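Here the sequence shown stands for residues 20 to 235, numbered as in the working numbering. We put the CB at the ideal spot given by N, CA and C, even for glycine. Predicted, not measured: the structure shown is a model, and the values here were computed from it. I have placed the structure first, in the form of structure tokens, so that the comments after it can refer back to it.
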Amino acid sequence: MNRWTDRLLDLLYPPRCAFCRRLVRDGRMICPDCEKHLPFASESGEIQQFPHLALCASPLYYTGDVKRSLQRYKFHGAAAYCRIYGELMSDCLGRHNPEVDCVTWVPLSRRRLRRRGYDQARLLAEEVSRRRGLECRHLLVKHRHNRAQSGAGGPEERRRNVRGVYRAAADVTGLRVLLVDDIVTTGATLSEAAETLLAAGAKEVFGLTLARNEKS
Ligand SMILES: [Zn+2]
Numbered sequence: 020m021n022r023w024t025d026r027l028l029d030l031l032y033p034p035r036c037a038f039c040r041r042l043v044r045d046g047r048m049i050c051p052d053c054e055k056h057l058p059f060a061s062e063s064g065e066i067q068q069f070p071h072l073a074l075c076a077s078p079l080y081y082t083g084d085v086k087r088s089l090q091r092y093k094f095h096g097a098a099a100y101c102r103i104y105g106e107l108m109s110d111c112l113g114r115h116n117p118e119v120d121c122v123t124w125v126p127l128s129r130r131r132l133r134r135r136g137y138d139q140a141r142l143l144a145e146e147v148s149r150r151r152g153l154e155c156r157h158l159l160v161k162h163r164h165n166r167a168q169s170g171a172g173g174p175e176e177r178r179r180n181v182r183g184v185y186r187a188a189a190d191v192t193g194l195r196v197l198l199v200d201d202i203v204t205t206g207a208t209l210s211e212a213a214e215t216l217l218a219a220g221a222k223e224v225f226g227l228t229l230a231r232n233e234k235s
């Protein structure tokens, strides 16, 4: 697109902060206020341990404007937010810097992908890999449709709900994989996806999400 079309689009749809929706000027999709005051995790709070993952990093807590923003991203078509989310995730990854060979994502089932039109975790994985100069690879498929984890109840039910829903879609032998998703709560989904990769021969799996549940 030429600059004239860009300017016209900006007039029609002025760029807004992905979190508080105020107008922004520099096209970065985060306003100076949110950059300071979003519920960022501390450097140690960014890291969590879950079964089958070497570590899991997340820059933000899933609350307030972060929660509302992610809901627009997942359910109301705000796919363009992947740019600022990917920037925050990539910076977070840089602070902990695990050695990885490639990036992949926790996939949606085909049924949910058809309904939504885009795979929100895949867009994040592509953005993070582009920023870190890593290859983004399609390593997992979700071959069974299950209930959304948010409706699955307690930790035990969540584990049962995701059991066996993924399978490896490529040769992962010896790979150190960065596994990307939008949110981690109990860790059941990421653990299951990581276990699938390890069972298929991956060497190590690291998790990276935009947001994590609040400290309990
Ligand atoms: Zn803002």
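Kindly indicate which residue of the options has the alpha-carbon position closest to the one of residue i.
i                : options                           : result
arginine 135     : Gly172, Arg166 and Lys93          : Lys93
tryptophan 222   : Lys55, Ile202 and Leu197          : Contrary to the premise, residue 222 reads as lysine rather than tryptophan in this sequence. That would be Leu197, whose Cα lies nearest to the Cα of lysine 222.
aspartate 200    : Leu227, Glu211, Ala167 and His162 : Leu227
phenylalanine 38 : Pro174, Leu57, Thr24 and Leu107   : Leu57
alanine 60       : Met108, Asn165 and Arg91          : Met108
Given a threshold of 16 other Cβ atoms within 10 Å of its Cβ, counted over all protein chains shown, does residue i qualify as buried or as exposed?
i             : result
threonine 123 : buried
threonine 192 : exposed
cysteine 71   : Note on identity: in this sequence residue 71 is histidine, with cysteine being the wrong assignment. Looking at its Cβ environment, which holds 16 or more other Cβ atoms inside 10 Å, histidine 71 is buried.
leucine 159   : buried
Helix, strand or coil for residue i? Go by DSSP, reduced to three states.
i              : result
aspartate 120  : coil
cysteine 36    : coil
isoleucine 103 : helix
tyrosine 92    : helix
histidine 111  : It should be noted that the sequence gives cysteine, not histidine, for residue 111. Residue state, collapsed to three classes: helix.
leucine 132    : helix
arginine 22    : helix
glutamine 67   : strand
glutamate 175  : helix
leucine 142    : helix
lysine 161     : strand
Do residue j and residue i come within 9 Å of each other at the CB atom, strictly closer than that value?
i             : j             : result
glutamate 145 : arginine 114  : no
leucine 143   : leucine 229   : yes
tyrosine 185  : proline 117   : no
valine 224    : arginine 195  : yes
arginine 231  : cysteine 75   : yes
alanine 188   : histidine 164 : no
Does the segment 34-52 come within contact of the segment 99-107, defined as at least 3 CB pairs closer than 8 Å?
yes
Measuring CB atoms only, is the segment 202-215 touching the segment 50-62, in the sense that at least three cross pairs come out at less than 8 Å?
no
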